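J.:
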Amino acid sequence: MSLRTLIVILGLAAPFILTGCPDDDDDATSAPDDDDATDDDDATDDDDATDDDDATDDDDATDDDDATDDDDATDDDDTVDPCAEDNDGDGVTLCGPDGTPGTTDDDCDDNNANNFPGNTEQCGDGVDNDCDFAPEPTTDGDGDGVLFCDGDCDDSDPAINPGAAEGCDGLDTNCDTVIPLDEIDNDADGEAECEGDCDDGNDTIYSAAPEICDGLDNNCDSTLPDDEDDDDGDTVSDCDGDCDDANIDVSPLESEVCDGLDTDCDTVIPSDEVDVDGDLESECEGDCDETSTDTNSTASEICDGFDNDCDSTVPLDEVDNDADGEAECEGDCDDGNDTIFSTAVEVCDGVSNNCNADVDNADAAFVHDEDGDGFDDDQCPEGDDCDDSDASINPDEDEDATDSVDNDCDGDVDEYTFTHIWTNIVSSSCSCHNFGSSGGWTSGNTQAGLYSAWVDVAAGQPSPTIDRIEPGSSTDSYVMHKLDGTHATVGGSGLQMPRSGCCLSQEVRDGIRDWIDEGAPDN
175 MSLRTLIVIL GLAAPFILTG CPDDDDDATS APDDDDATDD DDATDDDDAT DDDDATDDDD
235 ATDDDDATDD DDATDDDDTV DPCAEDNDGD GVTLCGPDGT PGTTDDDCDD NNANNFPGNT
295 EQCGDGVDND CDFAPEPTTD GDGDGVLFCD GDCDDSDPAI NPGAAEGCDG LDTNCDTVIP
355 LDEIDNDADG EAECEGDCDD GNDTIYSAAP EICDGLDNNC DSTLPDDEDD DDGDTVSDCD
415 GDCDDANIDV SPLESEVCDG LDTDCDTVIP SDEVDVDGDL ESECEGDCDE TSTDTNSTAS
475 EICDGFDNDC DSTVPLDEVD NDADGEAECE GDCDDGNDTI FSTAVEVCDG VSNNCNADVD
535 NADAAFVHDE DGDGFDDDQC PEGDDCDDSD ASINPDEDED ATDSVDNDCD GDVDEYTFTH
595 IWTNIVSSSC SCHNFGSSGG WTSGNTQAGL YSAWVDVAAG QPSPTIDRIE PGSSTDSYVM
655 HKLDGTHATV GGSGLQMPRS GCCLSQEVRD GIRDWIDEGA PDN
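Going letter by letter, the sequence shown gives residues 175 to 697 in our numbering.
#1: Give me the residue from A339, D343 and D302 with the minimum Cα distance to C323.
#2: Let me make sure I understand the geometry here. Which of V664, D391, D433 and S381 has the alpha-carbon closest to that of I640?
#3: Is it the case that the Cβ atoms of A366 and D374 are separated by a distance below 8 Å?
#4: Can you tell me whether A536 is helix, strand or coil according to DSSP?
#5: Starting from H594 and walking both ways along the alpha helix (DSSP H), at which residues does that stretch end?
#6: Check D446 in the structure and name its three-state DSSP category.
#7: Classify D491 as helix, strand or coil using the three-state DSSP reduction.
#8: Rounding to the nearest angstrom, what Cα-Cα distance links D244 and N261 in this structure?
#9: Tell me the residue span of the alpha helix (DSSP H) that contains G623.
#10: Using DSSP bridges, identify the partner residues of D264.
#11: From G337 to P399, what does the alpha carbon distance come to, in whole angstroms?
#12: If you draw a straight line from the alpha carbon of A247 to that of T351, how long is it in whole angstroms?
#13: Could you spell out the range, first to last residue, of the alpha helix (DSSP H) harbouring I690?
#14: Determine which residues share a DSSP beta bridge with I643 and list them.
#15: Under a three-way DSSP split, which group does D404 fall into?
#16: Closest to I358 by C-alpha separation, out of G344, V533 and W628, would be which residue?
#17: Can you find at least 3 beta carbon pairs, one from the region 427-443 and one from the region 384-403, that sit closer than 8 Å?
#18: Only counting the same chain, and skipping five residues up and downstream in sequence, which positions put a Cβ closer than 7 Å to that of R473?
#19: Within the continuous alpha helix (DSSP H) that includes M654, where are the two ends?
#20: Could you have a look at D324 and say whether DSSP puts it in helix, strand or coil?
#21: From the DSSP output, which residues share a beta bridge with D523?
#22: Report the option in V266, A333, V519 and T312 whose CA atom is closest to the CA atom of N286.
#23: Can you name, in chain order, every residue of its own chain whose Cβ lies under 7 Å from the Cβ of T277, other than the five neighbours on each side?
#24: Starting from I551, follow its DSSP beta bridges and name the residues at the other end.
#25: Which residue wins for smallest C-alpha separation from T437, given the options D419, D451 and V450?
#26: Thinking A501 and D509 are a contact (beta carbons under 8 Å), I'd like their distance in whole angstroms, please.
#27: Return helix, strand or coil for T663, following the three-state DSSP convention.
#28: Please report the straight-line C-alpha distance between G524 and D561, rounded to a whole angstrom.
#29: If you draw a straight line from the alpha carbon of D198 to that of P256, how long is it in whole angstroms?
#30: Once DSSP output is grouped into helix, strand and coil, what is the label at G319?
#31: Considering Cα atoms alone, identify which of M654, G325 and G666 is closest to D684.
#32: Rounded to whole angstroms, what is the Cα-Cα separation between T513 and F540?
#33: Could you give the distance in angstroms between the alpha-carbon of E589 and the alpha-carbon of E692?
#34: Give every residue of the same chain whose Cβ lies closer than 6 Å to the Cβ of D491, excluding the five residues on either side of it in the sequence, and list them in chain order.
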């Protein structure tokens, strides 16, 4: 190259060297930054919505060309719309009918007309023909010679495929979408009809079921247990509680009747149905006393005081009205007097006590002195024993003033005698007055001496004087005042008697008082 030529080249290149290359000059001019009102190229070549590069390139808000993007025929600055192109002519674009890419209606392979949404999968080609991103498998999973897409409804089990025969397994073995009815366990008892369940509508019935009391063949052995049969036709079997399946009148549905049987099967025969005494009649049949064979509705009355024939009446002659232990039918000739009966002791009372018709002395069995005390009963002629049943009571006995009994048969009860006063009171309680002129001559004296010293004898102390014992008047008897402690009221002095054991009880003093008021007899 000649020097001249080099100079020319350098001369032409000098403006570019000095000013730099123009920034993406979109129009025909070469001057830098010569964009007009519609061409606004900045330093980073960022074509936005306001940059319109030429008449054919319209960059909108979604086309952002930066410094590294040089718009050419493949950039989105030209007129090509990918959502409008159907490269394989199958009628579906990459954006699908909804015009939006990335949805389920897009053509998953726009270069193959056999692949698009809605197309039928081709069995065994390993291609996603219907664009569901799940191509049909090309292998036979269970090795039974039938692919899933060829109709194998369970490609994990070689026994299940369209050519298989149905088996009793509860599965759709032949893949016809139908499970035979006899393979279904309808009652959920664990066994289908084809397995032996003879009633697949009842979960208590299957081949291994235990027999229960329901009148059904629960274990499907075509046999009904004997205790489930209702032999007597009363609608209740043995296992249901019929305690006598040979008697239609006996079952839990029945009410008890008077037959001596457990009619209602409650394991109890009512007591009124039991013939306890063995007279062939129970209480419910009319026996009013199940403890006696002599008593029932067909028995005859006997002299025993019971209603033998069960007519609710005891004959009058069987009743012991006077409670003497004997009824008329037994020999009581006066059932209104308890001293008269066949074994009574004859006593002197003007009647035949022993019912032999002999009265008192006329009866050889009569005993005049029943208690053997030597005195006859005062009920009989010339008898004076007021209690001929007690030998300690008779006219010779002393009166006991403390037992409420007429011991001496004088008609008075518990009266004090002078003997009683001397023996039980004076001689044992009074020791203050002995022999001498003073006092009443008590302890050292005798009973006769005391009586002489007391009765009708004036007392020395009172003034005016009163008798020591005034027969018939205890209030005028100084001894009574001394015993009561009231002697000062009649002018007496000294201590209350008896001094050695003061004082006598009220009962004793009242006994002495009664003796004085009765005349102070020397008895």
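Don't be surprised by glycine CBs; every beta carbon is placed ideally from N, CA and C. Computed from a predicted structure; not experimentally measured.
T.: Walking through what the data contain:
#1: On the sequence shown, position 149 is the one that residue 323 refers to. Of the listed residues, the one whose Cα sits closest to C323 is D302.
#2: As a position in the sequence shown, residue 640 is number 466, starting the count at 1. Here the closest residue by C-alpha is V664.
#3: Numbered from its first residue, the sequence shown carries residue 366 at position 192. Numbered from its first residue, the sequence shown carries residue 374 at position 200. A contact, by the Cβ cut-off of 8 Å.
#4: As a first step, residue 536 must be located in the sequence shown, where it is residue number 362. Looking at A536 - three-state DSSP - the assignment turns out to be helix.
#5: Locating residue 594 in the sequence shown gives position 420, counting from the first residue. Per DSSP, H594 belongs to the alpha helix (DSSP H) from F592 to I595.
#6: Position 272 of the sequence shown, counting from 1, holds the residue named residue 446. The answer is helix: DSSP assigns D446 an H, G or I state.
#7: Reading the sequence shown from its first residue, position 317 is the one you call residue 491. D491: helix per DSSP, three-state reduction.
#8: The count along the sequence shown starts at 1 and reaches residue 244 at position 70. The count along the sequence shown starts at 1 and reaches residue 261 at position 87. With a pLDDT of 47 at D244, under the threshold of 50, the predicted position of this residue should be treated as unreliable, and no value is reported.
#9: Taking the first residue of the sequence shown as position 1, residue 623 is located at position 449. G623 -> alpha helix (DSSP H) spans Q621 to W628.
#10: For the purposes of this step, residue 264 is taken as the residue at position 90 of the sequence shown. DSSP output for D264 lists no bridge partner at all.
#11: Counted from its first residue, the sequence shown places residue 337 at position 163. Counted from its first residue, the sequence shown places residue 399 at position 225. Distance between the alpha carbons of G337 and P399: 45 Å.
#12: Residue 247 sits at position 73 when you count from the first residue of the sequence shown. Residue 351 sits at position 177 when you count from the first residue of the sequence shown. Low local confidence applies: a pLDDT of 48 at A247 is under 50, so the model's placement there is unreliable, with the coordinate-based value given in what follows. Distance between the alpha carbons of A247 and T351: 57 Å.
#13: To locate residue 690, count along the sequence shown from 1; it is residue 516. I690 -> alpha helix (DSSP H) spans Q680 to D691.
#14: As a first step, residue 643 is located in the sequence shown; it is residue number 469 there, counting from the start. I643 pairs with V629.
#15: As a first step, residue 404 is located in the sequence shown; it is residue number 230 there, counting from the start. The answer is coil: DSSP assigns D404 none of H, G, I, E or B.
#16: The sequence position of residue 358 within the sequence shown is 184, counting from 1. Checked all of G344, V533 and W628; the closest Cα to I358 is G344.
#17: no
#18: For the purposes of this step, residue 473 is identified with residue 299 of the sequence shown, where counting begins at 1. What sits at residue 473 in the sequence shown is Ala, not Arg. So the list reads N482 and D483, once near-sequence residues are dropped.
#19: For the purposes of this step, residue 654 is taken as the residue at position 480 of the sequence shown. Y652 to D658 is the extent of the alpha helix (DSSP H) around M654.
#20: Position 150 of the sequence shown, counted from the first residue, corresponds to residue 324. Three-state DSSP puts D324 in a helix.
#21: Within the sequence shown, numbered from 1, the residue matching residue 523 stands at position 349. Paired residues: none, contrary to the question.
#22: The count along the sequence shown starts at 1 and reaches residue 286 at position 112. Comparing Cα-Cα distances from N286 to each of V266, A333, V519 and T312, the minimum goes to V266.
#23: Against the sequence shown, residue 277 aligns to sequence position 103. So the qualifying residues of the chain are G270.
#24: Within the sequence shown, the letter at position 377 stands for residue 551. Rather than Ile, the amino acid found at residue 551 in this sequence is Asp. BP columns for D551 point to D559.
#25: Indexing the sequence shown from 1 puts residue 437 at position 263. Comparing Cα-Cα distances from T437 to each of D419, D451 and V450, the minimum goes to D419.
#26: Position 327 of the sequence shown, counted from the start, is the residue given in the question as residue 501. Position 335 of the sequence shown, counted from the start, is the residue given in the question as residue 509. With 8 Å as the limit, A501 and D509 qualify as a contact, their Cβ atoms being about 7 Å apart.
#27: Taking the first residue of the sequence shown as position 1, residue 663 is located at position 489. DSSP places T663 in helix when its eight states are reduced to three.
#28: Here the question's residue 524 lines up with position 350 in the sequence shown. Here the question's residue 561 lines up with position 387 in the sequence shown. Going from the Cα of G524 to the Cα of D561 covers about 17 Å.
#29: The sequence position of residue 198 within the sequence shown is 24, counting from 1. The sequence position of residue 256 within the sequence shown is 82, counting from 1. Note that D198 scores a pLDDT of 45, beneath 50, so its modelled location is shaky and nothing firm can be said.
#30: As a working mapping, residue 319 is identified with position 145 in the sequence shown. Coil, per DSSP.
#31: Residue 684 sits at position 510 when you count from the first residue of the sequence shown. It is M654.
#32: Numbered from its first residue, the sequence shown carries residue 513 at position 339. Numbered from its first residue, the sequence shown carries residue 540 at position 366. About 14 Å.
#33: Counting from 1 along the sequence shown, the entry for residue 589 is found at position 415. Counting from 1 along the sequence shown, the entry for residue 692 is found at position 518. So the two alpha carbons sit approximately 10 Å from each other.
#34: Counting from one through the sequence shown, the residue named residue 491 turns up at place 317. Around D491: E502 and C503.
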